[in-house]
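J.: Just add 6 to the spot in the sequence shown (first one is 1) and you have this note's numbering.
C-beta atoms are modelled at their ideal positions from N, C-alpha and C, and glycine is treated no differently.
No experiment lies behind these values; they were computed from the predicted model shown.
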Amino acid sequence: MYDSILYSYDFCIHSGKTENMENKLGSNKVEDILIIDSQNDYEIGLAKQCFNVVNVFVAAIDLDRNVTFINRIGQELLGLEEEKIVGQNFITRFFEQEQQTEKEALFNSVLSSKSVSEENTKYRLRANNNEIKIIEAKNILIRDKQNNVIGVLISGDDVTGYVRYQRELQNDLNLYRILAQNIPDINLYLFDENQRFIIAEGSEMKNDGFENSDFEHKRLSKIKSKTLRKIWAPLFETVIAGKEVSSEYKFNSYYYLIWVIPIKNPDNKTYSGIAITQNITDDKRTEQQLKRAKETAEKASLAKSDFLARVSHEIRTPLNAILGFTEQLKQTQMNDKQVDYVKIIDKSSEHLLSLINDILILSKIEARQIIFQKRPFKMEHTVKYVFSALKSKADEKRIKFNYNFDSKLDIVLLGDTFRLRQILINMLNNAIKFTPSGYVELRCFPVEETSKRIKVRFDVIDTGIGINPKSLQVIFEQFKQADSSITQKYGGTGLGLTICKNLIEMQGGSLSVSSQENIGTTFSFVIPYAIGKETDIVSKDLGEIDPNKLRDKKVLLVDDDSVNRLLGKTILEKIECDFDIANNGKEAIEKLDSNEYDIVLLDIHMPDISGVDVAKYFRQKNKNSNTKIVAVTAAVMKDDIKKYFETGINDFLIKPYKEIHLFNKMCEVLHPRKKTFPKSVTEIILKEEIQPKLYDLSELKIMLGNKPEAIAQMLATFIKNSEAAVQKLQQALEEEHWQQIVETTHKILPSYQHLEVNYIVKKLVELKDKTKNSRDYKAIPKLTKNLIKDINKLIDDLKDELRKIKSRI
């Protein structure tokens, strides 16, 4: 038999061809088997060695079905040494009993044939450990030199793993088919790296007039729908390149969402892909309806805002004159009756201003735009301020008014003292209003305390008219009071308690009420505060008018309303400024062209040429950046004030104002490096939204024991992480790696929350949610770029902060 094996070997060695042994043994051409006799032991040994080098299974079987030769690969595959294989009956030893008859018939067919079959044969061989090995082999007839068939040479590859993989793949494909057939509105497509469909299945196909056969075994470029080819081709190409992709498209009046996912081997090479399409027509229609509803709501909200803006402007403008001249009148000599009249005017106008501010606050609460400060304050200072503000009102009604302050609260707290005053004044004012006799009392005491935080409880107790039990459920709702007759008798809008409840809960607090009719009412609320350091307390100086601060400053007062011009003139004379007056925008431009001023007090709403137009002209045409401009206006909506800053206006003062507010505003604009001057209530409400704080280090300082070294180290780490996050976001944006954006925003979100960078936290959450849940990524790049811009601005500010801290170390 070795002689016969040499026929193939000798051909490979001496034929002058370059093909290797695997190619020759895989050949099924009879003419490749040459008849060369050899009895040379050296040549036989060389032949055996040559067959052992090849990387395929090779075995020679004689006419009695015995194995006469097997190469090294064959021995390893069967798990036996050569001597335990050669001489064994190939059929009875290496095939399971149920296959032996079939394989005997196969050998008879091969031996009786005159030529080798073009078909490969799969041999399921039983190895030494009873494991089945599958060989896909060619059967080559072996002849002697007289051309007589003396055996069969079996050569081929071990395809055990491949067959198992195909079986598993088929199971997977069957599972895919079952899933796709039973999930409504879904189609599933599996395709190879040549974009040839392996399976196409789904309940949705018939909607589009397709069958499985329209896709399976066809390349994407050969399917009958040109529209689908055009839509899917770039998606499939992206996936074959290794990137996941999704998109929406419209086909045959239906809307579809398609996900295309690469399938990769252990070497991370893409060898196929899965495309899943979902009919989202109902969702799309719902989305369009919601979009239309949203647009309608936005139009309604805009109309509401426009209405509030117009009403606010129309009320604030005359109210400015009423408040302003009442204040001036109070400073003159009057008889007792005149004093009483002025007091009535003053209280009425203050009440009207409070009402306007309540509406402004309520609109901000609804938009969740309230920002709470964390500044050092002492509770006793706040309580005394509120008590002093309301004492005269209680005295007028001849009721007792006092407060009880727990000495344990004589510590520095970190919080929003302005909001606390707002809540206390609202609640105590209500208590006084609804108490015809008896007393109103405020109690303040701690209910829970740690080394870093304290919860403070406030009880507002009165012996007033009380509240009907049925009405307790509605008193916190907007524009509702316990009884409609209350509005007629006591006045008010029913906004106060709504505002208080929201302000308390937005600070992490809670509010409750208990009451009995004709006996009295107790409102109790709890607000948590961080504990600060004694060294954190700021000056209590509220500022006073000092003419020396603004004496001889050159001022241009611009206003088209004669009453407001007179009021402005009266105040400017008192603070000893050198001033000019312009009656409209045209006069203002003429005076700005011919004179130099330190500051311009500029009315905004003027006919023909508005204050904004005057500011634009002055900043852009005259290229003047030294003169300060303050918008003195009754237009207080967010977009208005943003427009002022964009135009080059330095600051704003809201009508109505008192002389101290005008004085403070001028000082603040002209002397920006000096201490901050007190602001009007309206300005505080507006500026917290227009100029939100970038960050708050108070919590960080408490956590780190106010140690500069630790704070500096923490800030340096935050800056480093933020810079790394910016790089990742930019890279993800360039590569359209949406998942990377989700992961990056999720990772940095906690640290930004801890530093209370609220305006960036809001954008991080929005970008994370939209990217994670989006079906259309068109909006993501713009959101990401805006976020990167804000983070870079924050990094610059924190670097300045870090330099200041290091300079003190």
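#1: Give me the Cα-Cα distance between Lys-224 and Phe-57, rounded to the nearest whole angstrom.
#2: Restricting to Cα atoms, I'd like to know which of Leu-434, Asp-806, Asn-153, Lys-384 is closest to Leu-415.
#3: Quick one: what does DSSP say Asp-806 is sitting in, helix, strand or coil?
#4: Let's see if you can read the secondary structure: which residues bound the alpha helix (DSSP H) around Ser-118?
#5: Which whole-angstrom value describes the C-beta separation of Phe-331 and Met-433, a residue pair presumed to lie in contact below a C-beta threshold of 8 angstroms?
#6: Asp-214 and Asn-271 - do their beta-carbons sit closer together than 8 angstroms?
#7: Could you pull the DSSP bridge partners for Arg-202 from this structure?
#8: Please state whether DSSP places Lys-439 in a helix, a strand or coil.
#9: Hey, would you say Leu-84 sits closer than 8 angstroms to Leu-131, going by beta carbons?
#10: If I measure Cβ to Cβ from Leu-808 and keep anything under 8 angstroms in the same chain, skipping five residues before and after, which residues do I get?
#11: By a C-beta neighbour count over all protein chains shown, 10 Å radius and 16 as the cutoff for buried, is Gly-514 buried or exposed?
#12: For Asp-796 and Leu-478, what's the separation of their Cα atoms in angstroms?
#13: Going by C-alpha distance, which of Leu-234, Ile-67, Glu-199, Pro-190 is nearest Val-155?
#14: Could you compute how far the alpha carbon of Lys-559 sits from the alpha carbon of Val-606?
#15: Excluding sequence positions up to five away, which residues of its chain have a Cβ less than 6 angstroms from the Cβ of Gly-654?
#16: Assign Glu-333 to one of three DSSP states: helix, strand, or coil.
#17: Just grab the DSSP bridge partners of Asn-816 for me.
#18: Nearer than 7 angstroms: is that true of the beta carbon of Asn-670 relative to any heavy atom of the ligand NAD?
#19: Rounding to the nearest angstrom, what Cα-Cα distance links Thr-127 and Lys-228 in this structure?
#20: Give the range of the alpha helix (DSSP H) segment to which Asp-657 is assigned.
#21: On the premise that Phe-407 lies in contact with Ile-551, defined as a C-beta separation below 8 angstroms, what is that separation, rounded to the nearest angstrom?
#22: Is the stretch 600-617 touching the stretch 557-572 in the sense that three or more CB pairs, one from each, lie closer than 8 angstroms?
#23: Would you mind stating whether Gly-162 and Ile-141 have Cβ atoms separated by less than 8 angstroms?
#24: What does a CB cutoff of less than 6 angstroms around Ile-635 pick up in its chain, not counting 5 residues either side in sequence?
#25: Which class does Ala-722 belong to by DSSP, given the choice of helix, strand or coil?
#26: For the beta strand (DSSP E) that contains Ala-640, what are its first and last residues?
#27: For the 8 angstroms Cβ check, are there 3 or more pairs between the stretch 501-520 and the stretch 445-457?
#28: Is it buried or exposed for Gly-167, if we count other Cβ within 10 angstroms and need 16 for buried?
#29: How close, in whole Å, do the beta carbons of Gly-279 and Ile-267 come, if the pair is a contact with beta carbons under 8 angstroms?
#30: Among Arg-449, Glu-207, Ser-355, Asn-285, which residue has its Cα nearest to the Cα of Tyr-409?
#31: What ranges does the beta strand (DSSP E) occupy inside the stretch 543-630, keeping only unbroken runs of at least 3 residues that lie completely in it?
#32: Apart from the five residues just before and just after Arg-71, which ones in its own chain have a Cβ nearer than 7 angstroms to its Cβ?
#33: When the distance is taken between beta carbons, is Gly-470 closer than 8 angstroms to Thr-441?
#34: With distances taken from CA atoms, which of Ser-521, Glu-217, Leu-241 is nearest Lys-230?
#35: Assuming Ser-518 is part of the alpha helix (DSSP H), what are its boundary residues?
#36: Using the Cβ count rule (16 or more neighbours within 10 Å means buried), how would you classify Ile-350?
T.: From the atom records:
#1: Near 41 angstroms, if we compare the C-alpha coordinates of Phe-57 and Lys-224.
#2: Closest by C-alpha distance to Leu-415, out of Leu-434, Asp-806, Asn-153, Lys-384, is Lys-384.
#3: Residue state for Asp-806 is assigned as helix, using DSSP reduced to three classes.
#4: Its alpha helix (DSSP H) spans residues 103-118.
#5: With 8 angstroms as the limit, Phe-331 and Met-433 do not qualify as a contact, their Cβ atoms being about 32 angstroms apart.
#6: No, they are not a contact pair.
#7: According to DSSP, which records beta bridges pairwise, Arg-202 is partnered with Arg-225.
#8: Here DSSP, grouped into helix, strand and coil, assigns Lys-439 to helix.
#9: For Leu-84 and Leu-131, yes; Cβs fall inside 8 angstroms.
#10: Within the same chain, Cβ atoms closer than 8 angstroms to the Cβ of Leu-808 are found at Ala-718, Leu-721, Ala-722, Ile-725, the five residues on either side in sequence being excluded.
#11: Exposed.
#12: The straight-line gap from Cα to Cα measures roughly 45 angstroms.
#13: Out of Leu-234, Ile-67, Glu-199, Pro-190, Ile-67 has the C-alpha closest to the C-alpha of Val-155.
#14: Looking at the backbone, the Cα of Lys-559 and that of Val-606 are separated by about 11 angstroms.
#15: Once the five neighbours on either side are set aside, the close Cβ partners of Gly-654 are Ala-621, Arg-625.
#16: Helix at Glu-333.
#17: Residue 816 is absent from the model: the chain starts at 7 and stops at 815.
#18: The ligand NAD is not among the ligands present in this structure, which contains no ligands whatsoever.
#19: Annotation: Thr-127 to Lys-228 spans about 33 angstroms, alpha carbon to alpha carbon.
#20: Taken as a continuous stretch (DSSP letters only), Asp-657 belongs to no alpha helix (DSSP H), being part of the beta strand (DSSP E) at 657-660.
#21: With 8 angstroms as the limit, Ile-551 and Phe-407 do not qualify as a contact, their Cβ atoms being about 30 angstroms apart.
#22: In short, these stretches touch, since the Cβ pair count reaches three.
#23: Yes, the Cβ-Cβ distance between Gly-162 and Ile-141 is below 8 angstroms.
#24: So the list reads Val-606, Leu-608, Ala-621, Ile-655, Asn-656, once near-sequence residues are dropped.
#25: Taken through DSSP and simplified to helix, strand or coil, Ala-722 comes out as helix.
#26: DSSP places Ala-640 outside any beta strand (DSSP E), giving it a letter other than H or E.
#27: Judged by pairs of C-beta atoms under 8 angstroms, the stretch 501-520 does not touch the stretch 445-457, as fewer than three such pairs exist.
#28: Here Gly-167 is exposed. Its C-beta has fewer than 16 other C-beta atoms within 10 Å.
#29: Ile-267 and Gly-279 do touch by the CB rule: their CB atoms are close to 6 angstroms apart, below 8 angstroms.
#30: Checking every option, the nearest Cα to that of Tyr-409 belongs to Arg-449.
#31: As far as the stretch 543-630 is concerned, its whole beta strand (DSSP E) runs of at least 3 residues are 560-564, 584-588, 605-609.
#32: By the criterion of a C-beta distance shorter than 7 angstroms, Arg-71 is surrounded in its chain by Asn-95, Phe-96, Ile-97, Phe-113, once the five residues flanking it on both sides are discounted.
#33: The answer is yes: Cβ separation under 8 angstroms.
#34: Measuring from the Cα of Lys-230, the nearest candidate turns out to be Glu-217.
#35: Where Ser-518 is concerned, there is no enclosing alpha helix (DSSP H), although the beta strand (DSSP E) it sits in stretches over 516-522.
#36: Classification for Ile-350: exposed.
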